[in-house]
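J.: According to UniProt numbering, the residues represented by the sequence shown are 1 to 321, in order.
Each residue gets a CB set at the ideal place from its N, CA and C atoms; glycine is no exception.
For reference, the structure I am asking about is given below.
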Amino acid sequence: MTEQKTPAQAAAGWYLYLREDPDDEDIKRRFREWLASDPAHVQAWSDMNVTASIMAAVPSVQQTTVISSHISLRQKRTRFSAWKFVPACGVALAAVFAAMAFLPSDMLVRLRADGYAPVAQMRDIRLTDGSRIILAPRAAVSIRMTSSERRVELIQGEALFEAQHDPSRPFRVTSGDVTVTDIGTVFDVRADNNATTVAVREGAVHVASRGSTAATRDLYAGEWERITGAASNSGKQAPTSVGAWRDGTLIARDEPIDVLVEALRPWTKTRIILADRKLANKRVTGTYDLTQPEASLRLIVDAYGGKVASVMSWVDIVTAR
Numbered sequence: 001m002t003e004q005k006t007p008a009q010a011a012a013g014w015y016l017y018l019r020e021d022p023d024d025e026d027i028k029r030r031f032r033e034w035l036a037s038d039p040a041h042v043q044a045w046s047d048m049n050v051t052a053s054i055m056a057a058v059p060s061v062q063q064t065t066v067i068s069s070h071i072s073l074r075q076k077r078t079r080f081s082a083w084k085f086v087p088a089c090g091v092a093l094a095a096v097f098a099a100m101a102f103l104p105s106d107m108l109v110r111l112r113a114d115g116y117a118p119v120a121q122m123r124d125i126r127l128t129d130g131s132r133i134i135l136a137p138r139a140a141v142s143i144r145m146t147s148s149e150r151r152v153e154l155i156q157g158e159a160l161f162e163a164q165h166d167p168s169r170p171f172r173v174t175s176g177d178v179t180v181t182d183i184g185t186v187f188d189v190r191a192d193n194n195a196t197t198v199a200v201r202e203g204a205v206h207v208a209s210r211g212s213t214a215a216t217r218d219l220y221a222g223e224w225e226r227i228t229g230a231a232s233n234s235g236k237q238a239p240t241s242v243g244a245w246r247d248g249t250l251i252a253r254d255e256p257i258d259v260l261v262e263a264l265r266p267w268t269k270t271r272i273i274l275a276d277r278k279l280a281n282k283r284v285t286g287t288y289d290l291t292q293p294e295a296s297l298r299l300i301v302d303a304y305g306g307k308v309a310s311v312m313s314w315v316d317i318v319t320a321r
């Protein structure tokens with residue numbers, strides 16, 4: 001196993017390996033080598049077992065497997081319970097540890113991108129034609145400027161565009177099957193969960209989708225459209241609220257909690273895991289502070305019977321109370 005970013009993440013990965021192949025002697029040998037190589041690994045594994053015990057909450061009749069080994073740390077031999085876990089802890093728990101062990105990396109995205117904003121940071125890009133792109137955290141774009149067209153691909157995330165209108169050289173933003181063409185405007189585009197949302201702050205844009213002819217239309221200030229494959233829906237909002245994230249504000253209008261959690265994730269290095277499906281579908285209206293994502297998360301879920309448990313300081317698990 002290749003060691004993960006931190007001892008805690010590595011411990012989560014070893015938990016999965018050992019759970020899936022408890023009788024594999026080679027895995028157990030390599031695990032012991034990893035465990036013995038650093039006292040921090042011992043502490044991380046101890047923390048992992050405590051976390052697993054709390055989260056699994058399995059009945060006492062289930063068996064817990066324990067394998068012990070002698071480990072030498074700092075020339076001092078100590079008997080240590082090398083690994084233990086609850087084999088029947090369930091798919092949900094395994095998924096949680098998978099998320100903990102293998103955090104998403106933007107490395108490949110960054111290789112493709114001409115512009116990228118790190119976690120919890122925005123980036124302001126000024127183009128040679130005077131147009132401006134403001135990237136939300138973890139957003140990425142590629143940019144192609146030619147004599148006949150200005151084209152920006154939103155690779156992931158959300159961005160606010162202030163386009164200098166030039167009919168002879170259209171300004172276009174693509175996201176998946178969706179193409180947004182400027183008609184002299186300030187507009188926002190968000191890509192998430194295989195959907196693209198376009199909202200106009202000033203002026204107008206033309207929206208077209210290869211996947212849905214019904215989605216093809218002009219949008220004006222205060223109008224938005226969300227396109228998912230062949231389906232689309234639209235509505236209106238205050239124009240000044242478009243791109244409110246630029247000022248650190250998350251505005252929810254009858255939004256499911258899982259959508260709000262997705263909006264909070266780029267603003268924090270803490271991994272947020274929403275583990276309760278019923279809670280995820282609860283709908284919320286309110287205004288929240290993106291610069292305080294953990295506090296906002298608690299405000300969002302608390303009113304609907306949810307709670308947030310912090311695990312090893314870098315994972316927040318949201319469940320029902």
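1. Counting C-beta neighbours from all protein chains within 10 Å, is the total for P7 16 or more, i.e. buried, or is it exposed?
2. Is it the case that the Cβ atoms of D316 and L297 are separated by a distance below 8 Å?
3. Kindly indicate which residue of I273, I300, Y220 and A214 has the alpha-carbon position closest to the one of R253.
4. Sorted by chain position, which residues of the same chain lie with C-beta nearer than 6 Å to Y304's C-beta, five sequence neighbours on each side aside?
5. DSSP state of V315, grouped into three classes?
6. When you compare the CB positions of H165 and G184, do they come within less than 8 Å of one another, or not?
7. Is it the case that the stretch 177–192 contacts the stretch 201–215, given that we only count it when at least three CB pairs across the two stretches are under 8 Å?
8. What did DSSP end up calling K236 once you bin it into helix, strand or coil?
9. Taking the alpha-carbon positions, what's the R210 to P39 distance?
10. So, helix, strand or coil for residue 339, using DSSP?
11. Can you tell me which of the three DSSP states Q43 falls into?
12. Are V200 and V242 close, meaning C-beta to C-beta below 8 Å?
13. Return the CA-CA distance between A320 and V259, expressed in angstroms with no decimal places.
14. Less than 8 Å between the CB atoms is what I'm expecting for P137 and W267, so what's the real figure, rounded?
15. Taking all protein chains shown into account, do 16 or more other C-beta atoms lie within 10 angstroms of the C-beta of A139, making it buried, or fewer, making it exposed?
16. Do G157 and A113 have their C-beta atoms within less than 8 Å of each other?
17. Taking only three categories from DSSP, how would you classify I183?
18. Just to confirm my understanding: we take G90, look at its own chain, exclude 5 residues before and 5 after, and list those with CB closer than 6 Å. What are they?
19. What residue does the beta strand (DSSP E) around P118 start on, and which one ends it?
20. Looking at C-alpha atoms only, which residue of A263, W14 and D106 is the closest neighbour of A44?
21. By DSSP, does K269 sit in helix, in strand, or in coil?
22. Going by DSSP in three states, V256 sits in which element: helix, strand or coil?
23. Excluding five sequence neighbours on each side, which residues of the same chain lie with their C-beta closer than 7 Å to the C-beta of I251?
24. Give the straight-line distance between the Cα atoms of A280 and L111, rounded to the nearest whole angstrom.
25. Hey, quick one: how far does the alpha helix (DSSP H) through L299 stretch, first residue to last?
26. If you draw a straight line from the alpha carbon of S142 to that of I227, how long is it in whole angstroms?
27. Compute the distance between the beta-carbons of N194 and E262, then report whether it is under 8 Å.
28. Pull the bridge partners of A221 from the DSSP assignment, please.
29. Is it buried or exposed, P293, if we count other Cβ atoms within 10 angstroms and call 16 or more buried?
30. When the Cα of D276 is compared with those of R265, K269 and A309, which residue comes out closest?
31. In whole angstroms, give me the CA-to-CA distance for V127 and S232.
32. Note down, in chain order, each residue of its chain lying with its Cβ closer than 6 Å to the Cβ of D129, except the 5 sequence neighbours on either side.
33. What residue range does the beta strand (DSSP E) around L160 cover?
T.: Looking at the coordinates:
1. Mapped onto the sequence shown, residue 7 falls at position 7. That one is buried.
2. The residue you call residue 316 lines up with position 316 of the sequence shown. The residue you call residue 297 lines up with position 297 of the sequence shown. Closer than 8 Å, so yes.
3. By one-based count along the sequence shown, residue 253 stands at place 253. Comparing alpha-carbon positions, the option among I273, I300, Y220 and A214 lying closest to R253 turns out to be I300.
4. In the sequence shown, counting from the first residue as 1, residue 304 sits at position 304. If we look at Y304 and ignore the five residues flanking it on each side, its Cβ neighbours are K282.
5. To locate residue 315, count along the sequence shown from 1; it is residue 315. Residue state, collapsed to three classes: strand.
6. Reading the sequence shown from its first residue, position 165 is the one you call residue 165. Reading the sequence shown from its first residue, position 184 is the one you call residue 184. Contact: yes.
7. yes
8. Position 236 of the sequence shown, counting from 1, holds the residue named residue 236. For K236, the secondary structure class from DSSP, reduced to helix, strand or coil, is strand.
9. Walking along the sequence shown from the start, residue 210 turns up at place 210. Walking along the sequence shown from the start, residue 39 turns up at place 39. Within the model, the alpha-carbon separation for R210 versus P39 is close to 55 Å.
10. It is not possible to answer for residue 339, since the shown part of the chain is limited to 1 through 321.
11. Reading the sequence shown from its first residue, position 43 is the one you call residue 43. It is helical.
12. Start at 1 with the first residue of the sequence shown, and residue 200 comes out as number 200. Start at 1 with the first residue of the sequence shown, and residue 242 comes out as number 242. Cβ atoms of V200 and V242: closer than 8 Å.
13. Here residue 320 refers to the residue found at position 320 of the sequence shown. Here residue 259 refers to the residue found at position 259 of the sequence shown. In a straight line, the C-alpha of A320 is about 17 Å away from that of V259.
14. Locating residue 137 in the sequence shown gives position 137, counting from the first residue. Locating residue 267 in the sequence shown gives position 267, counting from the first residue. Yes, they are in contact, since the Cβ atoms of P137 and W267 sit about 5 Å apart, within 8 Å.
15. Your numbering for residue 139 matches position 139 in the sequence shown. Per the 10 Å Cβ criterion, buried.
16. In the sequence shown, the residue the question calls residue 157 occupies position 157. In the sequence shown, the residue the question calls residue 113 occupies position 113. No; because the gap between Cβ atoms is not below 8 Å, this pair is not in contact.
17. Your numbering for residue 183 matches position 183 in the sequence shown. Three-state DSSP puts I183 in coil, outside helix and strand.
18. Numbered from its first residue, the sequence shown carries residue 90 at position 90. Here G90 scores only 49 on pLDDT, less than 50, and its place in the model is too uncertain to base an answer on.
19. Here residue 118 refers to the residue found at position 118 when the sequence shown is read from its first residue. That residue, P118, is in no beta strand (DSSP E); it is neither H nor E in DSSP.
20. Sequence index remark: in the sequence shown, residue 44 carries index 44 (1-based). Of the residues A263, W14 and D106, the one whose Cα lies closest to the Cα of A44 is W14.
21. For this step, residue 269 is matched to residue 269 along the sequence shown. Note: K269 maps to coil in three-state DSSP.
22. Counting from 1 along the sequence shown, the entry for residue 256 is found at position 256. A small correction: the amino acid at residue 256 is Pro; Val does not occupy that position in the sequence shown. P256: strand per DSSP, three-state reduction.
23. Taking the first residue of the sequence shown as position 1, residue 251 is located at position 251. Contacts found: S241, A244 and T287.
24. For the purposes of this step, residue 280 is taken as the residue at position 280 of the sequence shown. For the purposes of this step, residue 111 is taken as the residue at position 111 of the sequence shown. The straight-line gap from Cα to Cα measures roughly 33 Å.
25. Within the sequence shown, residue 299 is the residue found at index 299, counting from 1. Element bounds for L299: P293 to D302.
26. Looking up residue 142 in the sequence shown gives position 142. Looking up residue 227 in the sequence shown gives position 227. Taking the straight line joining both Cα atoms gives about 21 Å.
27. As a working mapping, residue 194 is identified with position 194 in the sequence shown. As a working mapping, residue 262 is identified with position 262 in the sequence shown. Result no, Cβ atoms of N194 and E262 do not sit closer than 8 Å.
28. Counted from its first residue, the sequence shown places residue 221 at position 221. BP columns for A221 are empty, so no partner.
29. The residue you call residue 293 lines up with position 293 of the sequence shown. P293 is buried by the Cβ-count criterion.
30. For the purposes of this step, residue 276 is identified with residue 276 of the sequence shown, where counting begins at 1. With distances taken between Cα atoms, D276 lies closest to A309.
31. As a working mapping, residue 127 is identified with position 127 in the sequence shown. As a working mapping, residue 232 is identified with position 232 in the sequence shown. For the record, residue 127 in the displayed sequence is Leu; it is not Val. Roughly 31 Å separates the two Cα atoms.
32. Within the sequence shown, numbered from 1, the residue matching residue 129 stands at position 129. Cβ within range, chain order: Q164.
33. Translated into positions along the sequence shown, residue 160 becomes position 160. Segment R150 to E162, the beta strand (DSSP E) holding L160.
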